[in-house]
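*Asks:* Supplied in structure tokens, the structure appears directly below.
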Amino acid sequence: MNPIVTDYLQHWPTHCDCRMLPLPCEGLEKFWEEAWVQAQSHSQELILANNEWTLAELRQAAGRLAQKRRSPLVLPAMHTVQDWCSVVKTNHPEVVSSHARALTIEAALEAVSPQLLGVTSPVSRRALASTLTQLIDALDIAQFPFSDAAQILLQAKSQQVFAKRELAIAQVVATALSDVPGVTQQSLQTLREHAGKTSLTLLVLDKASYPIMRAVAKIWKGPVTVLLMDWNTAPIALNAKEPVSSTALLALAKQIEVISAPHLEAHADAAARTVVRLLQTHPQAQISLIALDRRAARRTRALLDRAGIVVADAAGWRMSTIATSTCVMRLLDIVQYERMVDVLDWAKLPWVANSSLGMAPEALVWLEQFLRSRALSQGLQRISQRIQLQAESEQQIDALRLLQWLTSAKLALDIPRTISAHAKFLIQLLSPVLEQAMQDTGGSQMLAYLQQLALDPAGQSISLEVFYSVVDAYFESHNFVLPTQDARVRILPLGVAVWRASDHIIVLGAQQGLWPQPQPAASIFSVKEQAELGLANHDDGMDSAHVLMTRAVKQHLKITFIHTRSHPEADFEVSPWLELLRLQAKQANIEFVWKDWTPSLSETELSPLHMPRPLAPTLPAKTRLSVSALEALLACPYQFFILRLLGLKNLEVLDESPDRRDFGVLAHAWLSELHKAQLLGKPNNAEHIRQAQDLLSKVLQKAAKGSLHPAQFEAFKKLLSRLSWSLLQWAQSRENSSALTEASFVRTWQGQAQPIELYGRLDRVEITASGASIIDYKTAGQSTLSSRARAPSQYPQLLLYAYLLQDRYSIKDAAFVSIGAGARGEVAHVMQEGDIQELIAQIQKTLEAGLQGLQEKMPLPAHGTEPACQYCEARGICRKDYWEHREPEDLIYHPRVLKK
Numbered sequence: 064m065n066p067i068v069t070d071y072l073q074h075w076p077t078h079c080d081c082r083m084l085p086l087p088c089e090g091l092e093k094f095w096e097e098a099w100v101q102a103q104s105h106s107q108e109l110i111l112a113n114n115e116w117t118l119a120e121l122r123q124a125a126g127r128l129a130q131k132r133r134s135p136l137v138l139p140a141m142h143t144v145q146d147w148c149s150v151v152k153t154n155h156p157e158v159v160s161s162h163a164r165a166l167t168i169e170a171a172l173e174a175v176s177p178q179l180l181g182v183t184s185p186v187s188r189r190a191l192a193s194t195l196t197q198l199i200d201a202l203d204i205a206q207f208p209f210s211d212a213a214q215i216l217l218q219a220k221s222q223q224v225f226a227k228r229e230l231a232i233a234q235v236v237a238t239a240l241s242d243v244p245g246v247t248q249q250s251l252q253t254l255r256e257h258a259g260k261t262s263l264t265l266l267v268l269d270k271a272s273y274p275i276m277r278a279v280a281k282i283w284k285g286p287v288t289v290l291l292m293d294w295n296t297a298p299i300a301l302n303a304k305e306p307v308s309s310t311a312l313l314a315l316a317k318q319i320e321v322i323s324a325p326h327l328e329a330h331a332d333a334a335a336r337t338v339v340r341l342l343q344t345h346p347q348a349q350i351s352l353i354a355l356d357r358r359a360a361r362r363t364r365a366l367l368d369r370a371g372i373v374v375a376d377a378a379g380w381r382m383s384t385i386a387t388s389t390c391v392m393r394l395l396d397i398v399q400y401e402r403m404v405d406v407l408d409w410a411k412l413p414w415v416a417n418s419s420l421g422m423a424p425e426a427l428v429w430l431e432q433f434l435r436s437r438a439l440s441q442g443l444q445r446i447s448q449r450i451q452l453q454a455e456s457e458q459q460i461d462a463l464r465l466l467q468w469l470t471s472a473k474l475a476l477d478i479p480r481t482i483s484a485h486a487k488f489l490i491q492l493l494s495p496v497l498e499q500a501m502q503d504t505g506g507s508q509m510l511a512y513l514q515q516l517a518l519d520p521a522g523q524s525i526s527l528e529v530f531y532s533v534v535d536a537y538f539e540s541h542n543f544v545l546p547t548q549d550a551r552v553r554i555l556p557l558g559v560a561v562w563r564a565s566d567h568i569i570v571l572g573a574q575q576g577l578w579p580q581p582q583p584a585a586s587i588f589s590v591k592e593q594a595e596l597g598l599a600n601h602d603d604g605m606d607s608a609h610v611l612m613t614r615a616v617k618q619h620l621k622i623t624f625i626h627t628r629s630h631p632e633a634d635f636e637v638s639p640w641l642e643l644l645r646l647q648a649k650q651a652n653i654e655f656v657w658k659d660w661t662p663s664l665s666e667t668e669l670s671p672l673h674m675p676r677p678l679a680p681t682l683p684a685k686t687r688l689s690v691s692a693l694e695a696l697l698a699c700p701y702q703f704f705i706l707r708l709l710g711l712k713n714l715e716v717l718d719e720s721p722d723r724r725d726f727g728v729l730a731h732a733w734l735s736e737l738h739k740a741q742l743l744g745k746p747n748n749a750e751h752i753r754q755a756q757d758l759l760s761k762v763l764q765k766a767a768k769g770s771l772h773p774a775q776f777e778a779f780k781k782l783l784s785r786l787s788w789s790l791l792q793w794a795q796s797r798e799n800s801s802a803l804t805e806a807s808f809v810r811t812w813q814g815q816a817q818p819i820e821l822y823g824r825l826d827r828v829e830i831t832a833s834g835a836s837i838i839d840y841k842t843a844g845q846s847t848l849s850s851r852a853r854a855p856s857q858y859p860q861l862l863l864y865a866y867l868l869q870d871r872y873s874i875k876d877a878a879f880v881s882i883g884a885g886a887r888g889e890v891a892h893v894m895q896e897g898d899i900q901e902l903i904a905q906i907q908k909t910l911e912a913g914l915q916g917l918q919e920k921m922p923l924p925a926h927g928t929e930p931a932c933q934y935c936e937a938r939g940i941c942r943k944d945y946w947e948h949r950e951p952e953d954l955i956y957h958p959r960v961l962k963k
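Going by the working numbering, 164 is the number at position 101 of the sequence shown; the sequence numbering is gapless.
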């Protein structure tokens with residue numbers, strides 16, 4: 064027998080009569096008929112332990128069954144556990160809200176030693192509190208099993224079964240539950256008082272419902288009949304233990320389709336187009352999209368919306384993922400920590416920008432430049448005073464207005480008050496933003512929650528930090544509910560899809576890592592604790608998957624699996640169930656439908672999905688392109704169009720401390736001073752090293768004048784100081800040559816139309832009798848530069864410099880010089896690999912094709928290489944992932960033809 068079913072049958076009270084019901088492979092009607100017949104014969108109360116199956120759907124199934132039998136069906140009183148408990152606890156009106164539990168959990172966390180939890184930072188503590196709140200909410204149907212589990216964990220203390228961290232978590236759970244009125248002892252006592260002596264039938268459909276039903280059965284005074292679903296009725300093929308017959312495989316092959324997508328966008332594209340084609344063929348079909356991969360499901364929903372197809376989304380999205388919750392939490396972050404990064408992010412939110420609190424775009428740009436140039440990272444009042452001293456322009460006055468508003472908001476919110484007072488003041492404070500947010504469904508739901516908090520009767524004052532945890536716990540533990548609507552296409556979680564009637568099932572995210580998706584909230588508990596707490600685990604998901612497969616195959620439904628490969632060239636990485644089925648089919652010489660999906664550019668089905676392919680504008684008479692612009696043109700034509708021709712750029716993120724980019728600027732400034740003093744090439748004696756370090760101090764002092772304190776550059780100073788000896792040694796080892804440093808070079812390209820001027824500035828050019836050597840200083844490590852030197856098609860910077868100098872000098876070689884990469888301050892010389900003349904010829908051919916295309920207004924598609932896309936500021940605008948991987952016919956020459 065299945066070990067899970069065996070576990071179902073254990074630990075039930077002696078007055079319980081446990082029975083097995085067969086799995087409804089042919090449909091739900093026979094299953095419900097058997098369940099109702101048995102329930103009628105034993106009791107008048109039927110408790111359904113499956114919260115995802117609503118009473119309305121139960122009654123619809125009963126109606127279909129009654130119509131089929133052509134006779135009225137006498138049903139017992141049906142309840143879900145939640146409804147039933149609310150009926151039982153009529154004399155106990157107090158309702159425990161999630162924010163009260165969050166408060167108690169926060170207090171319990173404070174009472175536990177951080178060393179026991181293994182958590183030290185406040186953020187981690189809040190995350191743990193949020194996780195615990197989610198667990199309590201998930202099992203808060205009757206609040207019984209969680210308290211039992213907490214007591215079991217605490218009892219293990221004497222036996223020393225658990226480690227300190229698990230014991231501390233158990234203490235937090237027990238403290239949180241016992242301190243909230245009406246959750247544990249009072250609820251149990253109330254249930255005992257109202258539990259009748261009549262017969263009761265419990266219908267257990269999944270393992271997650273098992274502890275709840277067990278707790279109810281333990282307290283119920285009368286006889287209890289427990290009806291358990293028999294999972295062993297799944298066919299052998301689904302249990303994946305014995306080979307399947309050729310006849311069965313042939314039937315499966317006609318029903319199962321597997322689509323392999325190279326990336327997320329193609330994954331969603333495949334799902335959307337499959338739905339469109341199904342509806343075109345069968346307009347009345349009921350289609351279920353199973354959201355194993357929520358990102359893919361959300362993307363698919365957006366594509367279908369654009370195609371005019373109504374989708375009912377029942378997957379459930381956390382409130383924390385919607386824009387309005389981000390607006391509220393970011394404001395609370397500003398008030399608590401006064402970080403300018405949060406201020407800028409909050410001001411850029413659309414609802415804030417479009418409200419009366421918003422700044423003009425020019426004011427926002429000025430504020431970010433002001434903060435960044437002076438490295439001002441925190442302090443609302445201090446920064447407001449500095450702006451006020453020089454507030455003259457409209458942009459400065461506009462920025463000052465927002466900062467003063469935030470300062471007053473901080474002073475007002477930072478006062479301890481009750482939950483109700485905090486909520487009322489927050490609603491009043493955000494009223495301009497909420498006017499915008501109310502236009503959105505998520506915004507109205509968030510406002511409803513804040514209004515609910517405003518009615519909280521608790522009279523105890525709490526700090527802003529605790530109130531933050533209350534709101535954060537709610538957003539993390541509650542789902543944003545989309546408006547219900549009738550639709551033939553539904554997005555469902557796996558547990559719901561098992562019981563939902565469908566004509567075609569499409570599984571999104573069928574890769575092994577997401578099939579089935581484990582419960583993320585249970586990550587802090589061990590396997591044994593999960594079993595005691597009644598939390599779903601991986602085996603439960605596999606059982607649900609077996610139920611789904613069984614029903615789909617037995618009812619001859621069409622089922623499509625879509626998965627994303629780890630990289631475009633990877634083999635299929637589907638679930639073990641599918642992989643075994645595929646191997647067995649191969650042995651039986653039966654072909655399954657396994658498609659390799661490549662997004663199509665056709666506009667016949669999903670017309671809004673075609674990708675932008677702008678034409679190059681008419682170039683001005685005197686066009687000048689730098690080496691960096693030429694790199695963008697070769698790496699990605701669309702990136703060149705957005706960033707170079709249109710000049711669109713993201714605002715830079717405000718850094719609170721010097722980063723690697725600052726180090727590169729300082730290193731190049733120091734090298735410039737060394738070149739001017741002509742120190743490079745001189746003997747590396749103590750005197751020359753001292754002179755180099757004096758120049759370094761001069762550069763650091765100059766850099767720190769308008770921004771950071773010199774002490775913040777101490778780490779850079781130490782690293783560059785250690786570099787002095789190695790740098791002088793490297794320069795002296797170079798052969799006798801005439802070195803040009805920081806030299807600018809210009810080369811004119813003569814096209815069919817106006818000439819284009821190409822220019823660049825080189826760090827160092829060494830001219831000898833045998834030819835010129837091009838050198839570019841880099842702060843990257845030697846291994847990174849070596850990989851770039853082996854891939855000139857992706858990193859053509861050295862070759863572009865060589866092309867600029869080709870008409871003046873005979874190019875001998877090109878190299879990167881790594882400065883300050885190692886902890887000991889070593890200089891590494893990395894040569895460009897390959898025949899330099901052949902590489903220059905290739906880059907010239909590719910570059911001239913691209914420049915010719917610019918003049919002829921050729922399309923500029925998003926065909927960037929991976930390094931070009933990784934940090935591209937235009938990523939997301941181009942929607943490159945929808946493009947075919949093959950080259951369009953109208954692209955003259957693709958930059959990736961450069962090979963070693």
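For every residue, glycine included, the Cβ atom is placed at its ideal position computed from N, Cα and C.
(1) Report buried or exposed for Y400, applying the criterion of at least 16 other Cβ atoms within 10 angstroms of its Cβ.
(2) Return the first residue and the last residue of the alpha helix (DSSP H) that K473 is part of.
(3) According to the Cβ coordinates, are Y840 and L734 closer than 8 angstroms?
(4) When we look at the beta-carbon of R628 and count the other beta-carbons within 10 Å, is it buried (16 or more) or exposed?
(5) Is it the case that the Cβ atoms of T355 and D332 are separated by a distance below 8 angstroms?
(6) Count the other CB atoms, across all protein chains shown, that sit within 10 Å of the CB of N652; report buried if there are 16 or more and exposed otherwise.
(7) For R362, count the other beta carbons within 10 Å of its own beta carbon; 16 or more makes it buried, fewer makes it exposed. Which is it?
(8) Counting only the same chain and skipping the five closest in sequence on each side, list residues whose C-beta sits under 6 angstroms from that of A877.
(9) Under 8 angstroms between the Cβ atoms of I353 and V533?
(10) When DSSP labels each residue in this structure, what does G744 get in the three-state scheme?
(11) Which same chain residues, not among the five before or five after D566, have their C-beta less than 6 angstroms away from its C-beta?
(12) I'd like to know if the region 481 to 495 and the region 446 to 454 are in contact, where contact means that at least 3 CB-CB pairs between them fall below 8 angstroms.
(13) Between the region 383 to 395 and the region 428 to 447, do at least 3 Cβ pairs fall closer than 8 angstroms?
(14) Spatial neighbours of L430 within its chain, please: CB distance less than 6 angstroms, with the 5 preceding and 5 following residues excluded, ordered by chain position.
(15) How about R437: is its C-beta nearer than 8 angstroms to some C-beta of chain D?
(16) Roughly how many angstroms separate the alpha carbons of A854 and T847, rounded to a whole number?
(17) Can you tell me the Cβ-Cβ gap for I478 and L513, rounded? I've got them flagged as a contact below 8 angstroms.
(18) Residues in the same chain with beta-carbon distance under 6 angstroms from F624, minus the five sequence neighbours each way, listed in chain order, please.
(19) Give me the Cβ distance between V374 and I554, rounded to the nearest whole Å; I'm assuming they're in contact under 8 angstroms.
(20) In whole angstroms, what separates the C-alpha of I450 from that of I460?
(21) Counting only runs of 4+ residues fully inside the region 424 to 448, write out the alpha helix (DSSP H) ranges in chain order.
(22) Kindly indicate which residue of I874, T77 and I705 has the alpha-carbon position closest to the one of G285.
(23) Of the choices V406, D519, V391 and F433, whose alpha-carbon is the least far from that of D535?
(24) Name the two residues that bound the continuous beta strand (DSSP E) containing G823.
(25) Assign G371 to one of two classes, buried (16 or more other C-beta atoms within 10 Å of its C-beta) or exposed (fewer than that).
(26) Between I903 and A335, what straight-line distance do the alpha-carbon atoms span, to the nearest angstrom?
(27) Quick one: what's K841 bridged to in DSSP?
(28) What residue range does the beta strand (DSSP E) around A354 cover?
(29) Leaving aside the five residues before and after C79 along the sequence, list all residues of the same chain whose C-beta is less than 7 angstroms from its C-beta, in chain order.
(30) Evaluate Y934 with the Cβ neighbour count: other Cβ atoms within 10 Å of its Cβ, from every protein chain shown; 16 or more gives buried, anything less gives exposed.
(31) How about R361: is its Cβ closer than 7 angstroms to a heavy atom in the ligand FAD?
(32) So, at 8 angstroms on beta carbons, what are the nonlocal neighbours of A521 in its own chain, with the 5 sequence-adjacent residues on each side left out?
(33) Using the three-state DSSP reduction, which class does R871 fall into: helix, strand or coil?
(34) Between the C-alpha atoms of H326 and Q650, what's the straight-line distance to the nearest angstrom?
(35) Taking the continuous alpha helix (DSSP H) assigned at E694, which residues delimit it?
(36) Between P346, E750, A475 and A324, which has its C-alpha nearest S395's C-alpha?
*Replies:* Considering the structure as presented:
(1) An exposed status is given to Y400, since fewer than 16 other beta-carbon atoms sit within 10 Å of its beta-carbon.
(2) E457 to L476
(3) One thing to note: Y840 has its Cβ within 8 angstroms of the Cβ of L734.
(4) That one is buried.
(5) Thr is not the amino acid found at residue 355; the sequence shown has Leu there. For L355 and D332, no; Cβs fall outside 8 angstroms.
(6) exposed
(7) Label assigned to R362: buried.
(8) I837, L861, A865 and Q895
(9) no
(10) coil
(11) A348 and Q349
(12) no
(13) Not touching, per the Cβ criterion.
(14) These residues qualify, in order along the chain: A462.
(15) Looking at the structure shown, chain D is missing, and only one protein chain is on hand.
(16) 11 angstroms
(17) That pair is no contact at about 18 angstroms.
(18) V321, V570 and A573
(19) 6 angstroms
(20) Within the model, the alpha-carbon separation for I450 versus I460 is close to 8 angstroms.
(21) 424 to 436
(22) T77
(23) The residue with the shortest Cα to Cα distance from D535 is V391.
(24) I819 to T831
(25) exposed
(26) 45 angstroms
(27) S881
(28) Annotation: the continuous beta strand (DSSP E) that includes A354 extends over I350 to A354.
(29) A280, V287 and V289
(30) exposed
(31) The ligand FAD is absent from the structure shown, which contains no ligand whatsoever.
(32) A163, T481, I482 and S483
(33) DSSP places R871 in coil when its eight states are reduced to three.
(34) C-alpha separation (whole angstroms): 30 angstroms.
(35) V690 to A698
(36) Correcting the residue identity first, residue 395 is Leu in this sequence and not Ser. The residue with the shortest Cα to Cα distance from L395 is A475.
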